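There are 2 protein chains.
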Amino acid sequence: MAAGQISQETAEHAAHLTVGILGGTGDEGRGLACRLAISGNRVIIGSRNAERAAAAAATLASPRVTGAVNEQAARAADIVIVAVPFEGHAELLAQLVAALDGKIVIDCVNPIAFDAQGAYPVPVPEGSAAQQAAAVLGGSTVVGAFHHVSAPLLLDPEVAELDMDVLVLGDDRNATDLVQALAERIPGVRGVYAGRLRNCGQVEALTANLVSVNRRYKAHAGLRVTDV
Amino acid sequence: MAAGQISQETAEHAAHLTVGILGGTGDEGRGLACRLAISGNRVIIGSRNAERAAAAAATLASPRVTGAVNEQAARAADIVIVAVPFEGHAELLAQLVAALDGKIVIDCVNPIAFDAQGAYPVPVPEGSAAQQAAAVLGGSTVVGAFHHVSAPLLLDPEVAELDMDVLVLGDDRNATDLVQALAERIPGVRGVYAGRLRNCGQVEALTANLVSVNRRYKAHAGLRVTDV
Numbered sequence: 002m003a004a005g006q007i008s009q010e011t012a013e014h015a016a017h018l019t020v021g022i023l024g025g026t027g028d029e030g031r032g033l034a035c036r037l038a039i040s041g042n043r044v045i046i047g048s049r050n051a052e053r054a055a056a057a058a059a060t061l062a063s064p065r066v067t068g069a070v071n072e073q074a075a076r077a078a079d080i081v082i083v084a085v086p087f088e089g090h091a092e093l094l095a096q097l098v099a100a101l102d103g104k105i106v107i108d109c110v111n112p113i114a115f116d117a118q119g120a121y122p123v124p125v126p127e128g129s130a131a132q133q134a135a136a137v138l139g140g141s142t143v144v145g146a147f148h149h150v151s152a153p154l155l156l157d158p159e160v161a162e163l164d165m166d167v168l169v170l171g172d173d174r175n176a177t178d179l180v181q182a183l184a185e186r187i188p189g190v191r192g193v194y195a196g197r198l199r200n201c202g203q204v205e206a207l208t209a210n211l212v213s214v215n216r217r218y219k220a221h222a223g224l225r226v227t228d229v
Numbered sequence: 002m003a004a005g006q007i008s009q010e011t012a013e014h015a016a017h018l019t020v021g022i023l024g025g026t027g028d029e030g031r032g033l034a035c036r037l038a039i040s041g042n043r044v045i046i047g048s049r050n051a052e053r054a055a056a057a058a059a060t061l062a063s064p065r066v067t068g069a070v071n072e073q074a075a076r077a078a079d080i081v082i083v084a085v086p087f088e089g090h091a092e093l094l095a096q097l098v099a100a101l102d103g104k105i106v107i108d109c110v111n112p113i114a115f116d117a118q119g120a121y122p123v124p125v126p127e128g129s130a131a132q133q134a135a136a137v138l139g140g141s142t143v144v145g146a147f148h149h150v151s152a153p154l155l156l157d158p159e160v161a162e163l164d165m166d167v168l169v170l171g172d173d174r175n176a177t178d179l180v181q182a183l184a185e186r187i188p189g190v191r192g193v194y195a196g197r198l199r200n201c202g203q204v205e206a207l208t209a210n211l212v213s214v215n216r217r218y219k220a221h222a223g224l225r226v227t228d229v
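Chains A and B, in that order, are what the protein sequence lines are. Be aware that the first sequence starts at 2, since it is given in this note's numbering, and climbs by one per residue. Be aware that the second sequence starts at 2, since it is given in this note's numbering, and climbs by one per residue.
Here's what the structure looks like:
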């Protein structure tokens, strides 16, 4: 694994971020909260319901993790991860336009659905969930990342390091650099720039393929980019 | 890298296949021909023009590689790789319906285009180039594979092993197993089942992301699937 191209200054910036996680009561959100808190970041788990947010935070038993309603989490955080189901994604963000104004918003939403043959991608009019977020949040800088990170691995205390790269997509170099640095706060993970936001749709949809891989091989599949 | 799940019988079957490569005069086709021939497969490079096919075959200087017009390559081969540009893909296959009848057809076509901001996916009415091939070739078994294999690496004699997995997609288990085994004829490559054909569009489109990775990191990026 080659050294990243993220500056020490950016890595230190990432180390001091307070991270809000909208929809953080789900396994993906709690898993990211867990790993980031272990690495030293403050995390605010957001939910529609303050009690559910507090209860989810309590399961992680870390003084660095608290719970709040989504809007409060968005306002109090330096950077915000959106980890809600695709259903309701646009509606939630539309309520948080002011709270998220001027912030970097990391969208990790995978618009996929399931039928008898497994998972498949759901078409998104804007091209991807991340582009939908950017369309709704005109005053935020949207970055796509963390689409393929396995919640069970994040939450498994016996997994010391995650063997995977996080693909980071966006149109603002400072923002993608910072999100790469944030991803690298999770032991084992490398943040890899993987293109502009217009190329996020296939990264989100690829989650359906990883579901197929997991079923065939009984795995928690992730991706590594080679020759980087 | 865990052991594959491909039987020895399937691996031996793959070892004895004569492989036709439609559009095999391009770098991707010649690169695949080169590696498969080194591994012992007979390869027929197909082109619209017999002289160009013969000339492309001659560049590889292998007694196992010959050239022919596409239809003759399709008829003479046991299994056929489609490595043409997306423009003209459906038209070419429509001319070869009879020649490809009953055969496994491996589509590695990436419907992407370029503008000033880099590469981006081109929408395909059928969902993917592979599904387009399946729609045209009613009597063939279409498998998607080899989308992300770097032609420069395939053609570089100093690269002994390729550090990448080949994602293999299809609806027929025997066919995807055989294509996984064929991919594994290339040193360093592992064939990984990655879902049904309906999930091929995002795998093809992901080539645009790998172009972005290559530009940012000055690399020939590939993918490895972890925990498999």
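Just so you know, even glycine gets a beta-carbon here, dropped at the ideal spot from N, CA and C. Since the structure is predicted, the reported quantities are computational estimates derived from the model, not experimental observations.
{"Asked": "Whole runs of the alpha helix (DSSP H) within the stretch 72-111 of chain B, excluding any shorter than 4 residues", "Found": "90-96"}
{"Asked": "Limits of the beta strand (DSSP E) - the one that B/Leu154 falls within", "Found": "Unbroken run through B/Leu154 is the alpha helix (DSSP H), Ala152 to Leu156; no beta strand (DSSP E)."}
{"Asked": "Of the residues A/Ala59, A/Glu127, A/Ala12 and A/Ala51, the one placed nearest A/Gly41, counting alpha carbons only", "Found": "A/Ala12"}
{"Asked": "C-beta atoms of A/Ala134 and A/Val106 nearer than 8 Å", "Found": "yes"}
{"Asked": "Local conformation of B/Gly128 per DSSP, three classes", "Found": "coil"}
{"Asked": "Beta carbon of B/Ala38 nearer than 8 Å to that of B/Val70", "Found": "no"}
{"Asked": "Beta carbon of A/Thr177 nearer than 8 Å to that of A/Val169", "Found": "yes"}
{"Asked": "A/Ile113 - containing beta strand (DSSP E), residue span", "Found": "Ile113 to Asp116"}
{"Asked": "Pairwise C-alpha distance: A/Gly192 and B/Ser48", "Found": "41 Å"}
{"Asked": "Min CB distance A/Gly140 to chain B below 8 Å", "Found": "no"}
{"Asked": "Neighbour list for A/Thr26 in chain B, Cβ cutoff strictly below 8 Å", "Found": "The premise fails here: A/Thr26 is roughly 26 Å from chain B at the closest Cβ pair, so nothing lies under 8 Å."}
{"Asked": "Extent of the continuous alpha helix (DSSP H) to which A/Asp178 belongs", "Found": "Arg174 to Ala184"}
{"Asked": "Inter-residue spacing [alpha-carbon to alpha-carbon] between B/Val150 and B/Val167", "Found": "7 Å"}
{"Asked": "Where B/Ala4 falls: helix, strand or coil (DSSP)", "Found": "Legend: pLDDT at B/Ala4 = 47, less than 50; position of this residue unreliable, value from coordinates given subsequently. Correct three-state label for B/Ala4: coil."}
{"Asked": "Per-residue DSSP class, three states only, for A/Thr60", "Found": "helix"}
{"Asked": "Extent of the continuous alpha helix (DSSP H) to which A/Asp279 belongs", "Found": "Limits of chain A in this structure are 2 at one end and 229 at the other, which puts residue 279 of chain A out of reach."}
{"Asked": "Per DSSP, the bridge partner or partners of A/Tyr194", "Found": "A/Val169"}
{"Asked": "Complete runs of the beta strand (DSSP E) confined to the stretch 5-35 of chain B [at least 3 residues]", "Found": "19-23"}
{"Asked": "For A/Asp228 and B/Gly171, believed in contact at Cβ under 8 Å, the rounded distance", "Found": "Not really, about 27 Å apart at Cβ, beyond 8 Å."}
{"Asked": "Neighbourhood of A/Met2 by C-beta, 7 Å cutoff - its chain only, sequence neighbours within 5 removed", "Found": "In this prediction, A/Met2 scores a pLDDT of 47, lower than 50, which makes its location untrustworthy; no coordinate-derived value is stated."}
{"Asked": "Endpoints, beta strand (DSSP E) assigned at B/Leu138", "Found": "From DSSP, B/Leu138 is part of no beta strand (DSSP E); its letter is neither H nor E."}
{"Asked": "Delimiting residues of the beta strand (DSSP E) encompassing B/Gly202", "Found": "Element bounds for B/Gly202: not the beta strand (DSSP E) but the alpha helix (DSSP H), Gly202 to Tyr218."}
{"Asked": "Residue environment, B/Glu10, which counts as buried when at least 16 other CB atoms sit within 10 Å", "Found": "exposed"}
{"Asked": "Beta-carbon spacing of A/Val78, A/Leu33 below 8 Å", "Found": "Correcting the residue identity first, residue 78 of chain A is Ala in this sequence and not Val. No. Outside cutoff."}
{"Asked": "Contact under 8 Å by Cβ, B/Leu61 with B/Val143", "Found": "no"}
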